[in-house]
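Protein chains in written order, with our numbering: chain H, 1 to 441; chain C, 1 to 441. Let me begin by presenting the structure, written as C-alpha cells, before commenting on it.
Protein chains: 2
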Amino acid sequence: MILIQAASYVVRDADRVERGVDVLIEGDRIVQVGRVDVRRAAGANVLDGRGRAVVPGFVNAHTHLYQSMLKGRRDDLPLVEWCEEVTFPFVRRVLDRAWHGGETEIGRLWSAVAAIEMVRSGITTFVDMDMDLEGVISTWLDVGIRGVAAMELVDRWVPDDLMLPLERTKEDVLRLIETWHRVPKESPLVTVFLGPSAPFTSSDELLRFIQEQAGAHDLGIQTHVSETAWEVEQSVRTTGRTPLAFLDSIGFLSRPITAAHCVHLTEEEIELAARRGVAAIYNPKSNMKLGSGIAPIVALQRAGATVALGTDGAASNDLLDPFEEMRAAALLQKVAAQDPTALGARDAFRFATEGGARACRIDAGTIDPGRLADVALIQLGGAHLFRLTDEIVPSLVYCARADDVESVVINGRLVMKEREILTVDERSLLAEAKRVGERYA
Amino acid sequence: MILIQAASYVVRDADRVERGVDVLIEGDRIVQVGRVDVRRAAGANVLDGRGRAVVPGFVNAHTHLYQSMLKGRRDDLPLVEWCEEVTFPFVRRVLDRAWHGGETEIGRLWSAVAAIEMVRSGITTFVDMDMDLEGVISTWLDVGIRGVAAMELVDRWVPDDLMLPLERTKEDVLRLIETWHRVPKESPLVTVFLGPSAPFTSSDELLRFIQEQAGAHDLGIQTHVSETAWEVEQSVRTTGRTPLAFLDSIGFLSRPITAAHCVHLTEEEIELAARRGVAAIYNPKSNMKLGSGIAPIVALQRAGATVALGTDGAASNDLLDPFEEMRAAALLQKVAAQDPTALGARDAFRFATEGGARACRIDAGTIDPGRLADVALIQLGGAHLFRLTDEIVPSLVYCARADDVESVVINGRLVMKEREILTVDERSLLAEAKRVGERYA
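Below is the structure:
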C-alpha cells in the first residue's frame, strides 16, 4: 500500500485538479483520492505530497529503446546518410550477433538505460518498436516499467541482412505472443503489439499475417505512417494511394491501429483516421530534428482522432523526456499556425497521459479510483517552477523538467523514490552498458 | 583562485574540445588551460572535473527578468489579449507603485528569482530589457551574475500610464548610466545598454536621444525588430519602410545594435544586418509560443551576421534554460527548412556562447587564457546523458539539461557549487518573492 499524503495538487486529468488531498494505492490500483483515513492506510509506504503535484504517469507512445546506443552519434545528418553511415552498420553488428550468435546482452542493457531515463522523467508506460524484443523484455520487468512490445516487422526495402526470412519472422511473432503477451496475466506489465515498420516495408503477405494474429490474440498494432514526404510519394507511385488510404483499402484499419508520425496525412486521411479509430502518435521533436515536417495535430484533434505523444528513438530526439515533448507539441503547432491558441498546455498534457493510455490499451492515464496505479510525484520547489499562479497544468507543461520528478509508482510498485531507482542497481547497470556497448562501437 | 582539475571535456568553443585537462582561474580571468602545476595553484578552490564538461557560461542575450512574476499565468492566449488581460494590469500595478510610491521590492525579488534560475541553468550573462532597472541591478551584484541593463524606453503606442514623460525618461537614463555603467569599473559585472522597445514605440526624438547617449558613453543598444508580421506592416504603413530598413534610413545603425527576434526580416534586411554589424538575437521558443514565426537564422548566419540566443521573458517561454533554447534553435531551423542539416548542434552552441558574448560586448564566450572567467561545470553521469560517443558538443546540445549544471563561476567567483547557490540565501529569497508577489496578484 502506498499513501501520498496532502498533495498540493492532484492532477486527475488535464481538466480536473484537486488541492490538498491524499491518494491511496493498493495492489496495482489507485483505490482512493481525497481525505484518506490513516487507519485505512495502516502500514502504507507514505510519501509526502506537500509542495508536490501528483500526475498520471506519462505514456511515451512511440520509441525505439535500442537507439539509446546511438545517442549523440553523428548528429545533423540527412536521414538516408544517417541510416547508412550511422544506424545500419551499428545495428547490423548488434542484430548479427543477436540473431546468429544469440548475444542479446547489449540490447538488454541499453533497453534498461532507456527505461531508467524514462522512469527518471516520469514515464510509466512506453511502446518499444524493435526487431529483437525477446532479450529486452525481462529487463523491463526488472526495472518495473510498463512496456508495449511492438515487434518491428519488415520484409521489404530494408537491406537483406537486416531482415529475417518471413517464415522465421512468423515463428518469432508467435513465440513472442505466447511468452510475453499480458505478463503477468492478472496485472499486465507487458503487452505485445505487432509493428509492421511501415506500409512500404511490408509485403501483402506480411500485412495479412499481422491482421490474422492481431485478430486471433486481440493485439494492438503500431506502424509508421507518412513520416516523410518521400514515403508518401513512394506509396502513391507503387499503390496509387497515400499510406493510410492504402492501409484502409486492404482492410487493415478494420482493427484500430496506432500510427506513428502522421506528418503528411491528407485531409481525407485525417477524416479516415478519426472514423477508423486510428490513434495518431505525435513525435514533435523527432519530426523537427529529422526535418520531416509538422503533423496536422490540430486538424486530427478537431476531427476527433485520438492523439498520443511519443519521443521516437533517442537517435532522433535525443531525450526520452515527456516535459520537453509536451512543450514541443504545443509550441510547434502554435508556430505552424502562427496562432498562440492553436494547441494549449491541456491538450499536450492530455496527449501525454490519457491519449497515450488509450493508444496503449491500458486502464491508466488519469488519477481515478479503479485505474492502474501509474503515478508520478513532481517536486515544485525549484526556482524555475516558482510562480504566482495556481494554474498547475500550464506550469507543469511549460516549466517543469524531468529532474523535478521525485518519485514514480508503476503498477502499484514504488520504482523511484526521491530520485533513487529502487528496483535495479542503476550505477552498475550503466557501467555494464558502457562496457558491453564499447565492444560494438 | 579556482582550479578545475582533470575535466573529462573542456569545450573551449563549439569547434575546439580538449580532454583530461585542467582550467585555472585567477581573479576575474581564466589564466591557464592544460596541465596546471599544483604548486602554481596552491590554496585554490579545487573542483573535480572528472565525469564533467567545462563549458563557457551561456549568454541569454534577450530576456525580461520581471516576467518571472508572470510565469504560467493564463497561457495560450493571443498576444494582444495576453498583453491586455494579463501583462498590462499586473505590470501597471508594479510600475505604479515603483514610479509613484518608490516600491521596488517586487522587481528586486523576482529579478533575483530569475537570476537564480539562470545560474542554476549555466547562464552567466544576460541582457535584461526592463523599464525599471534602478531597483533590480543591486540584486544581480548580490547573486553575482553578469547583467546587461538594457533600459526599455518607450514614448509611443504603449498605454499612457505605462510610460513616463520623455523628460523624466531622459533623466532616468542619465542617472542609470552614471550609477551603473561598467560597475565595478575594473571588472564590470553590470553594463548599461539603451533599449528602445521597438521602432514603432519610439518617437524620432527618443531615437535621437538614444543615439547621442550611446555615442557619448559608448553604450550598446538593444531593440525588438520585426518580431511579428503586424509590426512590419505597421512600419511600412507609417514610415514606408520595414523596421530595420527604417532604422538604417535614419542613421540608427551607424552603431552596431542588437536586434531581438528578427523573425520577419526581408532579404535586403538580412544583408543589411550583416553589413551594419547588427547582432540578431534568436528567441526560438518565444517565437513558437507566441506564434510569431520562424526567424531566417540560416540566412543571417550565411550572410555573416552575428547570431546570439535569447530565452525572451519567462511569460513567453516559460523557462530561462539555455539547453532547451539551443535544442529549439537547431530543431526549429531543421523543420522549417525540411532539412536536418540546416543548422547543427555546433551552431546552436556558438550562438549561446560566443555569439552572445559578442552581442553583449564582453570578453567571454570561450575557454581561453585571458578571457573573463565565466564558466559552467556540467555533470555527465545521468542516464539521459549516457552514450557511446565522445562527441561532446552534440551531446550537450541535444541531451544535457539545466539540472546537469553542477557548478558555475562568474567573473572568477564561485556562484554555485554542487547545485548550491553560495552568494545569497536562495530559500528565504524565494519565500520573500512569493510573499511580496502575492500582494500584487
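Ideal Cβ placement from N, Cα and C applies to all residues, glycine included.
- Nearest to K289 (chain H) by C-alpha distance, out of C:L332, C:E267 and C:A98, is C:L332.
- Its chain contains S395 and C399 as the residues whose beta carbon lies nearer than 8 Å to that of R387 (chain C), once the 5 sequence neighbours on both sides are disregarded; these appear in chain order.
- Look at L380 (chain H) here: in three-state DSSP terms it is coil, with no helix or strand label.
- Taking D404 (chain C) as the centre and dropping the five residues before and after it, the same chain places the C-beta of I378, Q379, G382 and L385 closer than 7 Å to its C-beta, in chain order.
- Taking 3 residues as the shortest admissible run, the region 308 to 392 of chain H contains the following complete beta strand (DSSP E) segments, listed from N- to C-terminal end: 375 to 379.
- Closer than 9 Å to the CB of E324 (chain C) there is at least one CB belonging to chain H.
- Considering only beta carbons, the part of the region 379 to 408 of chain C lying closer than 7 Å to chain H consists of A383, H384, F386, R387, L388, T389, E391, P394, S395, Y398, C399, R401, A402 and D403, in chain order.
- E432 (chain H) is bridged by DSSP to nothing; it lacks a bridge partner.
- For S68 (chain H), the closest Cβ of chain C is nearer than 9 Å.
- For N45 (chain C), the closest alpha carbon among the candidates C:I123, C:F58, C:I221 and C:E26 is that of C:E26.
- Against chain C, the CB of Q338 (chain H) has a partner CB under 9 Å away; the residue lies at that interface.
- Sequence-ordered contacts of the region 4 to 16 of chain H with chain C are nonexistent [C-beta pairs closer than 8 Å].
- Counted as a single uninterrupted DSSP element, the stretch harbouring F200 (chain C) is not any beta strand (DSSP E), since DSSP gives it neither H nor E.
- Against chain C, the beta carbon of K285 (chain H) has neighbours under 9 Å at R327 and L331, listed in chain order.
- At a C-beta separation below 9 Å, I294 (chain H) has these neighbours in chain C: V335.
- In summary, P184 (chain C) is exposed, with fewer than 16 beta-carbon neighbours lying within 10 Å of its beta-carbon over all protein chains present.
- The DSSP-derived three-state label of N283 (chain C) is coil.
- Shown here, K170 (chain H) sits in a helix according to DSSP, grouped into three states.
- At a cut-off of 9 Å, the C-beta of W82 (chain C) has a neighbouring C-beta in chain H.
- If you look at H261 (chain C), you'll find it in the beta strand (DSSP E) that goes T258 to H261.
- For the region 104 to 133 of chain C, the beta-carbon criterion of a distance under 7 Å to any beta-carbon of chain H is satisfied by V113, I116, E117 and R120.
- Excluding its 5 nearest sequence neighbours in each direction, A6 (chain C) has C-beta neighbours in its own chain below 8 Å: G20, V21, D22, D48, G49 and R50, listed in chain order.
- Our two residues, A376 (chain C) and V415 (chain C), have alpha carbons roughly 10 Å apart in a direct line.
- Counting the other CB atoms within 10 Å of its CB gives P89 (chain C) a total below 16, which places it among the exposed residues.
- Under the Cβ criterion of 9 Å, D48 (chain C) is not counted among the residues facing chain H.
- Per DSSP, the continuous alpha helix (DSSP H) segment holding I210 (chain C) begins and ends at D204 to H217.
- The beta carbon of L77 (chain C) sits closer than 9 Å to some beta carbon of chain H.
- In this structure, N317 (chain H) keeps its C-beta atom at 9 Å or more from the C-beta atom of S292 (chain H).
- Taking the beta carbon of E438 (chain H) as reference, the chain C residues within 8 Å of it are L388, listed in sequence order.
- When secondary structure is reduced to three states using DSSP, G101 (chain H) falls in the helix class.
- Chain C places a beta carbon closer than 9 Å to that of R73 (chain H), counting this residue as a contact.
- Apart from sequence neighbours up to five positions away, the residues of its chain that approach G304 (chain H) with a beta-carbon distance below 7 Å are A274, ordered along the chain.
- Within chain C, not a single residue places a beta-carbon under 7 Å from that of K185 (chain H); the smallest gap is close to 31 Å.
- In this chain, the beta strand (DSSP E) harbouring L414 (chain C) covers R413 to K417.
- Within the same chain, Cβ atoms closer than 6 Å to the Cβ of R12 (chain C) are found at T366 and I367, the five residues on either side in sequence being excluded.
- Annotated three-state conformation of L3 (chain C) is strand, per DSSP.
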